[in-house]
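48 is the number of the first residue of the sequence shown in the numbering used here; add one for each residue after it. Notes to accompany the following structure.
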Amino acid sequence: KVSLNLRSGIITGLIGPSGCGKTTFLRCLNRVNERYGNVRTEGTINLLGKNIYDPDVSLIELRKSVGMVFQRPNPLPISVYENVVFGLRVHTPRMELSRSVLDDAVEQALREVMLWDDLKDNLKQKATELQLEQQQKLCIARLLPLKPEIILMDEPCSALDVEATSAVEELMLTLSGKFTIVIVTHNMAQARRISDECVFMLLGEIVEHDRTEQLFLSPKNPKTSDYIEGRYG
């Protein structure tokens, strides 16, 4: 059972030992859990002014507004350009998608994720040929033309090296304020560096939720303190 209020426009980190429910909870926020089968969700999740589990909610529209980035970069095996405009082609009538509209969307999204200078002359390159850091940034860029309000990130740096992790963290900080970001991470240092608020979960429950600085420096619950200090997990 989870009860949680997420503030808009900030980065909220979800921390806790493996199996505590972080990713399961994250997937509930855009109902991706339902794609995995054998999942039952009870209660309500109010996002963007509506309970997303109401029967009349469109999953297509929900996932347009609540995008997700996964542990391993998953660019489509098509060009960089077509990766960025993929969502636009799915959600927008063809007659509204002139070449200039698509070109502008690609440039704006790649600039926002700090890839434009690197890729502007190689937009036809197959996305799966990019470096892992570039692939993960591209996966974030793929969300942006749809103008999501919330971006969910499930350990987005777990497959990246130290330098690539730093670059993706820098990107997340630039996106904070423009979007509401919820990130699952096992990296305590990362949670401290990038999140404004942090949620500690254990055995499927929320143990503590506070400003990140407060939670790490003066946790109220001994279980939180034990986890942060590495006594378990």
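Cβ coordinates follow ideal geometry from the N, Cα and C atoms, glycine included.
query = Taking the runs of the beta strand (DSSP E) that are 3 residues or longer, which of them lie wholly in the segment 164-216?
reply = 197-201
ask   = Where residue 208 and residue 133 are concerned, what is the direct C-alpha to C-alpha distance, given to the nearest angstrom?
value = Taking the first residue of the sequence shown as 1, we reach residue 208 at position 161. Taking the first residue of the sequence shown as 1, we reach residue 133 at position 86. Using only the alpha carbons, I get a separation of about 28 Å.
request  = With residue 258 as the anchor, note down where its beta strand (DSSP E) starts and where it stops.
outcome  = Here residue 258 corresponds to residue number 211 of the sequence shown, with the count starting at 1. It spans 252-258 - the beta strand (DSSP E) in which residue 258 sits, taken as one unbroken run.
query = Where residue 189 and residue 104 are concerned, what is the direct C-alpha to C-alpha distance, given to the nearest angstrom?
reply = Within the sequence shown, numbered from 1, the residue matching residue 189 stands at position 142. Within the sequence shown, numbered from 1, the residue matching residue 104 stands at position 57. Using only the alpha carbons, I get a separation of about 23 Å.
DSSP state of residue 98 mapped onto helix, strand, coil = Locating residue 98 in the sequence shown gives position 51, counting from the first residue. Residue 98 falls in the strand class under three-state DSSP.
message = I'd like to confirm something about residue 235: is its beta-carbon nearer than 7 Å to some heavy atom of the ligand SAH, or not?
response = In terms of ligand content, the structure shown is empty, and the ligand SAH therefore cannot be addressed.
Element boundaries [beta strand (DSSP E), containing residue 59] = Numbered from 1 along the sequence shown, position 12 holds the residue referred to as residue 59. Note, residue 59: beta strand (DSSP E), 58-62.
request  = Report yes if the C-beta distance between residue 78 and residue 106 is below 8 Å; otherwise report no.
outcome  = Counting from 1 along the sequence shown, the entry for residue 78 is found at position 31. Counting from 1 along the sequence shown, the entry for residue 106 is found at position 59. Taking 8 Å as the Cβ cut-off, residue 78 and residue 106 qualify as a contacting pair.
ask   = In terms of residues, what are the limits of the alpha helix (DSSP H) holding residue 292?
value = Because the chain spans 48 through 280 in this model, residue 292 falls outside it and cannot be assessed.
ask   = Any idea which residues DSSP pairs residue 244 with across the strands?
value = Taking the sequence shown and counting its residues from 1, one reaches residue 244 at position 197. Bridge partners of residue 244: 59, 258.
query = When burial is assigned at 16 or more other CB atoms within 10 Å of the CB, is residue 162 buried or exposed?
reply = By 1-based counting over the sequence shown, the position of residue 162 is 115. With 16 or more other Cβ atoms within 10 Å, it is buried.
task = Verify whether the separation of the beta carbon atoms of residue 245 and residue 62 is less than 8 Å.
result = Here residue 245 refers to the residue found at position 198 of the sequence shown. Here residue 62 refers to the residue found at position 15 of the sequence shown. Yes, the pair counts as a contact, with Cβ atoms nearer than the cut-off.
key: Distance between residue 171 and residue 224 (C-alpha atoms, nearest Å)   = The count along the sequence shown starts at 1 and reaches residue 224 at position 177. The count along the sequence shown starts at 1 and reaches residue 171 at position 124. Cα to Cα, the separation comes out at about 31 Å.
query = residue 49: which of 276, 247, 264 sits nearest, CA to CA?
reply = Here residue 49 is taken as the residue at index 2 of the sequence shown, counted from 1. Ranking 276, 247, 264 by Cα distance to residue 49 puts 247 first.
query = Could you give the residue range of the beta strand (DSSP E) that holds residue 230?
reply = On the sequence shown, position 183 is the one that residue 230 refers to. It spans 227-231 - the beta strand (DSSP E) in which residue 230 sits, taken as one unbroken run.
task = Whole angstroms is fine: what's the gap from residue 242's alpha carbon to residue 57's?
result = Here residue 242 refers to the residue found at position 195 when the sequence shown is read from its first residue. Here residue 57 refers to the residue found at position 10 when the sequence shown is read from its first residue. Between residue 242 and residue 57, the C-alpha separation is close to 8 Å.
query = When you compare only the Cα positions, how much space is there between residue 147 and residue 192?
reply = On the sequence shown, residue 147 is found 100 positions in, with the first residue counted as 1. On the sequence shown, residue 192 is found 145 positions in, with the first residue counted as 1. Using only the alpha carbons, I get a separation of about 14 Å.
ask   = Looking at C-alpha atoms only, which residue of 142, 196, 173, 237 is the closest neighbour of residue 211?
value = Taking the first residue of the sequence shown as 1, we reach residue 211 at position 164. Of the candidates 142, 196, 173, 237, the one whose C-alpha sits nearest the C-alpha of residue 211 is 237.
query = Which first and last residues belong to the alpha helix (DSSP H) in which residue 134 is found?
reply = Stepping through the sequence shown from its first residue, residue 134 is reached at position 87. Residues 127-138.
Nearest to residue 202 (by Cα), restricted to the options 168, 139, 216, 84 = Within the sequence shown, numbered from 1, the residue matching residue 202 stands at position 155. The shortest Cα separation from residue 202 among 168, 139, 216, 84 belongs to 216.
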